[in-house]
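Notes follow once the structure below has been shown.
There are 2 protein chains.
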Amino acid sequence: MAPLLTIGEVAKRSGVAASALRYYEELGLIGSQRAGSGHRRYPRAVLRRVAFIVFARRIGLSLEEIGTELSRLPPDRAPTRDDWSLLSRAWTARIDERIDELHRLRAGLTECIGCGCLSLERCRLANPMDRAAALGPGPRHWIGDPPRAAGG
Amino acid sequence: MAPLLTIGEVAKRSGVAASALRYYEELGLIGSQRAGSGHRRYPRAVLRRVAFIVFARRIGLSLEEIGTELSRLPPDRAPTRDDWSLLSRAWTARIDERIDELHRLRAGLTECIGCGCLSLERCRLANPMDRAAALGPGPRHWIGDPPRAAGG
DNA sequence: CTACAAGTTCAAGCCAACTTGAAGTCAAGG
DNA sequence: CCTTGACTTCAAGTTGGCTTGAACTTGTAG
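Sequence order for the protein chains is H and U. Just so we're aligned: 130 in numbering that gives the first Met the number 0 is position 131 of the first sequence, and the numbers increase by one with no gaps anywhere. Just so we're aligned: 144 in numbering that gives the first Met the number 0 is position 145 of the second sequence, and the numbers increase by one with no gaps anywhere.
Printed below as a string of structure tokens:
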């Protein structure tokens, strides 16, 4: 088992295409050494980093956000379990938010659309205390005022 | 209160940009009558349809999927609460799936990355009974074999 | 009548996250 | 040496969900 991996090996082990790995490197999410030939050589630690990226993508973070997160890992030494733990803690909050939103959407589906009251303006779920109106039109309560849904 | 709405009115009331509404029409998700001038005129019912689209988008359906769903509404009469209810029921399952996935991701974060064992191949969470391996590399258990994450 | 806002079509642009293709280099087996 | 496959860079293409711009028409207030 060689100490350094080729891009093909990392691709196979991580399930991430080689082209994507090059792209991640271009964005600075991962790094590589080069063999004399110019070919990339990866330390095994890159596998954990890539796994983290896959995770984070699936949770819904953009590559830019992931880059910001990863940049908080210590550059001078291999990350410890505490380092990873630190990153992951912030995310559980984010996951929970999204789960909450899905619960709201679920409630909206069954209680609002299901009951036939789906209204953009008057539904009590969409606009429980007429506060959502301040945010503009649309079912703000359900969708949790998303970044750029529906043309922002 | 006029019986028919202009595109600007629908945009304001739904929170969806006029350009998006035209796009939805192009895709057949909504329809419009035309005034003699060529301007679009929408019956009020379109607001509910648009609300449904916003909902569905947020849940994670593509516009194509939404079109398929909407096409199941009766074309010959105004949809009843039962019609809407029928559509929405299928979605709660979908929402629940996504919620489950997020719970798995959350578990992966705290139990796996947090504990420092994040491995693409050997982690018991990633690969509880070595069955995930059949699906190919990557943390299949967490990500639930996504449609096209990481280069499909 | 004159502005000006709001509407129209059509084509093109944008963004993220990659993939694909072209054209060339490197490594390993026979 | 030759072939084959894995690798390199760089530019351009893809997909989804729109937005933007150009060029033009309609509707309305003063």
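Every residue, glycine too, gets a C-beta built ideally from N, C-alpha and C. These numbers come from a predicted model, not from an experiment.
- The straight-line gap separating the alpha-carbon atoms of valine 49(U) and valine 9(U) is approximately 9 Å.
- Neighbours of arginine 71(U) across chain H, judged by C-beta separation under 8 Å, do not exist; the nearest C-beta is about 14 Å away.
- Ranked by how close their Cα comes to the Cα of arginine 33(U), the residues Pro42(U), Thr91(U), Gly27(U) have Pro42(U) in first place.
- Taken in chain order, the members of the region 87-110 of chain U whose beta-carbon sits within less than 7 Å of a beta-carbon on chain H are Ser87, Trp90, Thr91, Ile94, Arg97, Ile98, Leu101, Leu104, Arg105, Gly107, Leu108, Thr109.
- About 6 Å separates the beta carbons of isoleucine 58(H) and tryptophan 90(H), which is inside the 8 Å limit, making them a contact pair.
- A Cβ of chain H is located within less than 8 Å of the beta carbon of isoleucine 58(U).
- Take the alpha-carbon of proline 2(U) and the one of valine 45(U): they are about 12 Å apart.
- Pairing alanine 19(U) with isoleucine 6(U) gives a Cβ-Cβ distance that is not under 8 Å.
- Aspartate 82(H) places its beta carbon less than 8 Å from that of leucine 72(H).
- Between arginine 21(H) and leucine 108(U), the alpha-carbon positions lie close to 25 Å from each other.
- DSSP places leucine 72(U) outside both helix and strand once states are collapsed to three, so it counts as coil.
- Boundaries around arginine 88(U) are those of the alpha helix (DSSP H), 80-106, since no beta strand (DSSP E) includes it.
- Distances from the CA of isoleucine 52(U) to each of Arg40(U), Gly35(U), Glu24(U) were compared; the closest alpha carbon is that of Glu24(U).
- Counting only runs of 3+ residues, the beta strand (DSSP E) found wholly inside the region 10-52 of chain H occupies 39-42, in chain order.
- Residues of the same chain with a CB within less than 8 Å of the CB of leucine 62(U), apart from the 5 flanking positions on each side, are Tyr23, Leu26, Leu28, Ile52, Arg56 in chain order.
- For leucine 101(H) against arginine 97(U), the beta-carbon gap comes to about 6 Å, under 8 Å, which counts as contact.
- If you draw a 10 Å sphere on the C-beta of glycine 35(U), you find fewer than 16 other C-beta atoms in it, and that means exposed.
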